[in-house]
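Peer 1:
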Ligand code: MOS
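In my numbering, the protein residues as written are 4 to 714.
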């Protein structure tokens, strides 16, 4: 049962429209609608705000501004970021473009939106800094890095080894602002009952949402009830609830009625985080036989002023290749732009673009097969922490992929393969993503009638949580799948780490496995099956809780380096005359320990790989440097791949089991597909054309002047 490619158990509800997403919550009856009015400047202050026209508009019930917003707490930076307070409408100071300046509450969404356009705001603009590429911009040395990694690491003598290396690759790579834009926009319906508020919101981590709402308004957590049953994607943008939730809770209290607030697609770009732009220098020193003697990775990123978010961009390389002399650093440039945050595979996605592009260039410089180069530098122990790997099948991923993809049949000479008007090229790259574990509890309960319930505050952001939990309970208890009900996404249920960092499925299924074992111990070892035993011996039903600890309290997480691995293979076509780039096929082979559901795991991996194609060829958030705003804030101008851009993508998973990770043997799947994928595309473009583009995305403009026919 565990691992079987079952269809989603929630699939029928979703395709028949009966899965209720937050904004669709009907249980409260008619609600009011809030629309966020955003600042038109990025830096300065409000000098005047006139809501009179909006207040007289049809259907409008209230316009809330800083003048009448309730007092809120400031964020406590000692706590996990997504659970920190998020105060809004706190005063006249404007720190970023689109900062909320008012919430218009009306009887319908259309009325609220129309009236939002009637709120008149006067500003005084003061100069802000918006340009990541401005010469001489001041840098923060050794910022605190996301996920708790040390900012800098150093082993041996990098500079000395580079000075004497037989071959050196020294390149700067850049990655642009990018966004995690789920199909379902951020939304919240809030309703107060006495001093308890229920927030139906769209979040990856219910407990953090509860904590954020409670912290913002100074409430005890038990006064905040969060419900998030169905979620249309998150990709990091919903690790924390955003202004829509805080404003809905605020307005519902002010008006004494339930209030709905959603962000529009355009509003999502400024309020729900983004991957910060990066500039990365990678330096590789090697001997002529292809052994790395030096590995240096220096990452500089945009940071939002006052924020402590810095992507862990230079951490992926710390455990990827052996090299006796190595250094990695993070630096940050504070700008007056909206808050950045985790976007799928934070750190590894941009970091591996740089590293795996540099490794490809080194392979060509050495006239060595890129896979052979990587195998020659495969470490036997973690080269910086000096701990063994738990299970690391990187080489197997590369070999298996090469064989299935037909890697040996590619031309090694860039720009030498033609298919009609297309220049055809092949590229590969390695994937790595650490595996994490967070504190998680799950309850399992069997009623006398045989109904089996799995209960926790875990979320299903489209990943298949409902299904893998049902499969795990079914197998662990020996109960038919159709008797299992999965009840998740509610803060009244046992607390989990939620969906983030690719840990959701393994965390919650492991805790569930333990809960099932504890329940079976209570029931005894029934010959006729657990359901018959419960029916005859436990008229009131029986339940048990299982938990996993945070990785910081699990010895195996400091004894071993635990990660998911993979290898990407890409065939690309570049139109020799127009520079148009088309993906022709892509294959990924992955080592993620044990797979919980072959179908949903493959879907996650393919999704991640397509994200890599998107990063390589399409996505780029552009800042208007005059006003400090992201300008291309819709899907017409912020490009992502459509079906026609993704002809043939496949993901293979090596059958495995990582006993150091957990009892189930399962590791993270959600993000490793996106790790290194963009580099494999870029490397294929190089193989097709002989043009190495180090600034993502790879666009026609960057290729065209350098194509073989024009050289
Ligand atoms: Mo993920 S970017 O931790 O949702």
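Think of the CB as a built atom: it goes at the ideal place given N, C-alpha and C, for glycine as much as any other residue. Source: prediction; values computed, not measured.
I'd like to know if residue 375 contacts chain C, where contact means its C-beta is closer than 8 Å to some C-beta of that chain.
Peer 2: In the displayed structure, chain C is absent; only one protein chain is listed.
Peer 1: Expressed to the nearest angstrom, what Euclidean distance is found between the alpha-carbon atoms of residue 377 and residue 362?
Peer 2: On the chain shown, residue 377 is found 374 positions in, with the first residue counted as 1. On the chain shown, residue 362 is found 359 positions in, with the first residue counted as 1. Cα to Cα, residue 377 sits roughly 8 Å from residue 362.
Peer 1: Given a cut-off of 8 Å, decide if residue 203 and residue 25 are closer than it, judged by their beta-carbon atoms.
Peer 2: In the chain shown, counting from the first residue as 1, residue 25 sits at position 22. In the chain shown, counting from the first residue as 1, residue 203 sits at position 200. Taking 8 Å as the Cβ cut-off, residue 25 and residue 203 qualify as a contacting pair.
Peer 1: Three or more C-beta pairs closer than 8 Å, one from the stretch 210-226 and one from the stretch 152-159: is that the case here?
Peer 2: no
Peer 1: Tell me which residues share the same chain as residue 29 and place their Cβ nearer than 8 Å to its Cβ, disregarding the 5 neighbours each side in the sequence.
Peer 2: Numbered from its first residue, the chain shown carries residue 29 at position 26. Counting only Cβ-Cβ distances below 8 Å, and skipping sequence neighbours, we find 23.
Peer 1: Between residue 230 and residue 492, is the Cβ-Cβ spacing less than 8 Å?
Peer 2: By one-based count along the chain shown, residue 230 stands at place 227. By one-based count along the chain shown, residue 492 stands at place 489. Yes, the Cβ-Cβ distance between residue 230 and residue 492 is below 8 Å.
Peer 1: Contact check, residue 250 vs residue 37 under 8 Å by CB: the rounded distance?
Peer 2: Counted from its first residue, the chain shown places residue 250 at position 247. Counted from its first residue, the chain shown places residue 37 at position 34. Yes, they are in contact, since the Cβ atoms of residue 250 and residue 37 sit about 6 Å apart, within 8 Å.
Peer 1: Helix, strand or coil for residue 236? Go by DSSP, reduced to three states.
Peer 2: The residue given as residue 236 occupies position 233 in the chain shown. Residue 236: coil per DSSP, three-state reduction.
Peer 1: Using a threshold of 8 Å, state whether the C-beta atoms of residue 678 and residue 351 are closer than that.
Peer 2: The residue labelled residue 678 in the question sits at position 675 within the chain shown. The residue labelled residue 351 in the question sits at position 348 within the chain shown. Yes; because the gap between Cβ atoms is below 8 Å, this pair is in contact.
Peer 1: Measuring only from the beta carbon, is residue 185 closer than 7 Å to any heavy atom that is part of the ligand MOS?
Peer 2: Here residue 185 corresponds to residue number 182 of the chain shown, with the count starting at 1. Not so, every heavy atom of the ligand MOS lies at least 7 Å from the Cβ.
Peer 1: Go ahead and pull the three-state DSSP assignment for residue 195.
Peer 2: For the purposes of this step, residue 195 is taken as the residue at position 192 of the chain shown. Residue 195: strand per DSSP, three-state reduction.
Peer 1: Which partner residues of residue 584 appear in the DSSP bridge assignment?
Peer 2: In the chain shown, the residue the question calls residue 584 occupies position 581. BP columns for residue 584 point to 577.
Peer 1: In whole angstroms, give me the CA-to-CA distance for residue 574 and residue 638.
Peer 2: Your numbering for residue 574 matches position 571 in the chain shown. Your numbering for residue 638 matches position 635 in the chain shown. The straight-line gap from Cα to Cα measures roughly 26 Å.
Peer 1: Can you find the residues in the same chain that come closer than 6 Å, C-beta to C-beta, to residue 635, ignoring five residues on each side of it along the sequence?
Peer 2: Here residue 635 corresponds to residue number 632 of the chain shown, with the count starting at 1. Hits under 6 Å: 625, 641.
Peer 1: In chain order, what residues of the same chain lie with their CB nearer than 7 Å to the CB of residue 719, ignoring the 5 residues before and after it?
Peer 2: There is simply no residue 719 to check, as the chain begins at 4 and stops at 714 in what is shown.
Peer 1: So what's residue 310 in DSSP terms, helix, strand or just coil?
Peer 2: Locating residue 310 in the chain shown gives position 307, where the first residue counts as 1. In the structure shown, residue 310 sits in coil (DSSP, three-state: anything other than H, G, I, E or B).
Peer 1: Work out the CA separation of residue 475 and residue 529 for me, nearest whole Å.
Peer 2: For the purposes of this step, residue 529 is taken as residue 526 along the chain shown, with counting starting at 1. For the purposes of this step, residue 475 is taken as residue 472 along the chain shown, with counting starting at 1. Cα-Cα distance, rounded: 19 Å.
Peer 1: Between the C-alpha atoms of residue 610 and residue 676, what's the straight-line distance to the nearest angstrom?
Peer 2: Position 607 of the chain shown, counting from 1, holds the residue named residue 610. Position 673 of the chain shown, counting from 1, holds the residue named residue 676. Going by the C-alpha atoms only, they are around 7 Å apart.
Peer 1: Consult DSSP for residue 324 and reduce its assignment to one of helix, strand or coil.
Peer 2: Mapped onto the chain shown, residue 324 falls at position 321. Three-state DSSP puts residue 324 in coil, outside helix and strand.
Peer 1: With a threshold of 6 Å on Cβ separation, who are the neighbours of residue 386 within its own chain once the five nearest residues in sequence on each side are excluded?
Peer 2: Counting from one through the chain shown, the residue named residue 386 turns up at place 383. Within the same chain, residue 386 has close Cβ partners 325.
Peer 1: Using a Cβ-based criterion (distance less than 7 Å to any ligand heavy atom), does residue 242 qualify as near the ligand MOS?
Peer 2: Taking the first residue of the chain shown as 1, we reach residue 242 at position 239. At least one heavy atom of the ligand MOS is nearer than 7 Å to the Cβ of residue 242, so yes.
Peer 1: Let me check understanding here. Comparing Cα to Cα, which of 255, 267, 177 lies closest to residue 198?
Peer 2: Numbered from 1 along the chain shown, position 195 holds the residue referred to as residue 198. Check the Cα spacing between residue 198 and each of 255, 267, 177: the tightest is with 255.
Peer 1: Under the assumption that residue 601 contacts residue 8 (Cβ atoms under 8 Å), give the Cβ distance between them as a whole number of angstroms.
Peer 2: Position 598 of the chain shown, counted from the first residue, corresponds to residue 601. Position 5 of the chain shown, counted from the first residue, corresponds to residue 8. Their Cβ separation, rounded to whole angstroms, is 4 Å, which keeps residue 601 and residue 8 in contact under 8 Å.
Peer 1: With DSSP collapsed to three states, give me the class of residue 106.
Peer 2: Residue mapping note: residue 106 aligns to position 103 of the chain shown, counting from 1. In this structure, residue 106 counts as strand in the three-state DSSP scheme.
Peer 1: Assuming residue 584 and residue 694 make a contact with CB atoms under 8 Å, what is their CB distance in whole Å?
Peer 2: As a first step, residue 584 is located in the chain shown; it is residue number 581 there, counting from the start. As a first step, residue 694 is located in the chain shown; it is residue number 691 there, counting from the start. The pair is not a contact, with the Cβ atoms about 11 Å apart (cut-off 8 Å).
Peer 1: Is it the case that the stretch 481-499 contacts the stretch 419-427, given that we only count it when at least three CB pairs across the two stretches are under 8 Å?
Peer 2: No: the two stretches stay apart, fewer than three of their Cβ pairs being nearer than 8 Å.
Peer 1: Going by DSSP, what residue range makes up the alpha helix (DSSP H) through residue 341?
Peer 2: Position 338 of the chain shown, counted from the first residue, corresponds to residue 341. Premise fails: residue 341 is in no alpha helix (DSSP H) and is neither H nor E.
Peer 1: If we ignore side chains and look at the alpha-carbon of each, how far apart do residue 737 and residue 330 end up?
Peer 2: There is no way to answer for residue 737, as the model of the chain reaches only from 4 to 714.
Peer 1: Assign residue 186 to one of two classes, buried (16 or more other C-beta atoms within 10 Å of its C-beta) or exposed (fewer than that).
Peer 2: Here residue 186 is taken as the residue at index 183 of the chain shown, counted from 1. With fewer than 16 Cβ atoms within 10 Å of its Cβ, residue 186 is classed as exposed.
Peer 1: Do you know offhand how far residue 369's Cα is from residue 691's?
Peer 2: Working through the chain shown from its first residue, we reach residue 369 at position 366. Working through the chain shown from its first residue, we reach residue 691 at position 688. Near 19 Å, if we compare the C-alpha coordinates of residue 691 and residue 369.
Peer 1: What are the boundary residues of the alpha helix (DSSP H) that includes residue 437?
Peer 2: Against the chain shown, residue 437 aligns to sequence position 434. Counting along the chain, residue 437 falls outside any alpha helix (DSSP H), though it belongs to the beta strand (DSSP E) covering 425-437.
Peer 1: How many Å lie between residue 174 and residue 284 at the Cα?
Peer 2: Start at 1 with the first residue of the chain shown, and residue 174 comes out as number 171. Start at 1 with the first residue of the chain shown, and residue 284 comes out as number 281. Each residue's Cα considered, the two are about 6 Å apart.
Peer 1: In or out: residue 59 buried (at least 16 other Cβ within 10 Å) or exposed?
Peer 2: The count along the chain shown starts at 1 and reaches residue 59 at position 56. Residue 59 should be labelled exposed.
Peer 1: Can you list, in chain order, the residues of its chain whose CB lies under 6 Å from that of residue 299, leaving out five sequence neighbours each side?
Peer 2: Translated into positions along the chain shown, residue 299 becomes position 296. If we look at residue 299 and ignore the five residues flanking it on each side, its Cβ neighbours are 161, 286, 330.
Peer 1: Since residue 288 is in the beta strand (DSSP E), which residue starts that stretch and which ends it?
Peer 2: Taking the chain shown and counting its residues from 1, the one referred to as residue 288 is at position 285. Here the beta strand (DSSP E) through residue 288 covers 281-289.
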